[in-house]
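Visitor: Before I ask anything, let me first share the structure, which is written out below as structure tokens.
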Amino acid sequence: MQFEWGDEKAELNLANHGISFEEAQTCFYDPEQVAFYDPEHSEDEDRELLIGHSSKGRLLIVSYTLREPLIRLISARKTTRREASTYAQGI
């Protein structure tokens, strides 16, 4: 898998959520990750959400879009209780 992101967006995400996009991309390798379509944020392009454990063991939710052959990261943060429950139900 290949990833890309905007540097300014990555800096804002780290400042606002304490999650680097380098860490966020590791969630895609969680064998128990759960991904689903994000209709609320898909006006201009299709966006997806992925919930998975990062290499640091944190359960994160990552917003992304597919720009073949790349995965473009949009945001990442720790999951809410409800999102963690969605993940638990999916595995």
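Sequential numbering of the sequence shown, starting at 318, is according to the numbering used here. Glycine residues also receive a C-beta, built at the ideal position from the N, C-alpha and C atoms.
Kindly list the residues whose CB is nearer than 6 Å to the CB of Thr343, restricted to its own chain and excluding five residues on each side of it in sequence; keep chain order.
Guide: Only Ser371 and Ser372 meet the Cβ criterion.
Visitor: Kindly indicate which residue of Glu328, Asp361 and Tyr404 has the alpha-carbon position closest to the one of Leu383.
Guide: Per the Cα distances, Asp361.
Visitor: Taking the C-alpha atoms as reference points, what is the distance between Leu331 and Glu321?
Guide: Distance between the alpha carbons of Leu331 and Glu321 is about 15 Å.
Visitor: Taking C-alpha atoms, which residue in Leu390, Arg389 and Ser380 lies nearest to Glu357?
Guide: It is Ser380 whose Cα lies nearest to the Cα of Glu357.
Visitor: Would you mind listing the beta strand (DSSP E) stretches within the stretch 321–364 that are 3+ residues and don't spill past its ends, in chain order?
Guide: You should have 351–354.
Visitor: Looking at the secondary structure, which residues open and close the alpha helix (DSSP H) in which Thr403 lies?
Guide: Looking at the DSSP string, the run of the alpha helix (DSSP H) that includes Thr403 is Arg398 to Gly407.
Visitor: Taking its Cβ as the centre, do 16 or more other Cβ atoms sit within 10 Å of Leu366, making it buried, or is it exposed?
Guide: Classification for Leu366: buried.
Visitor: Please state if the CB of Gly369 and the CB of Glu349 are separated by a distance shorter than 9 Å.
Guide: Cβ distance < 9 Å, so Glu349 and Gly369 count as in contact.
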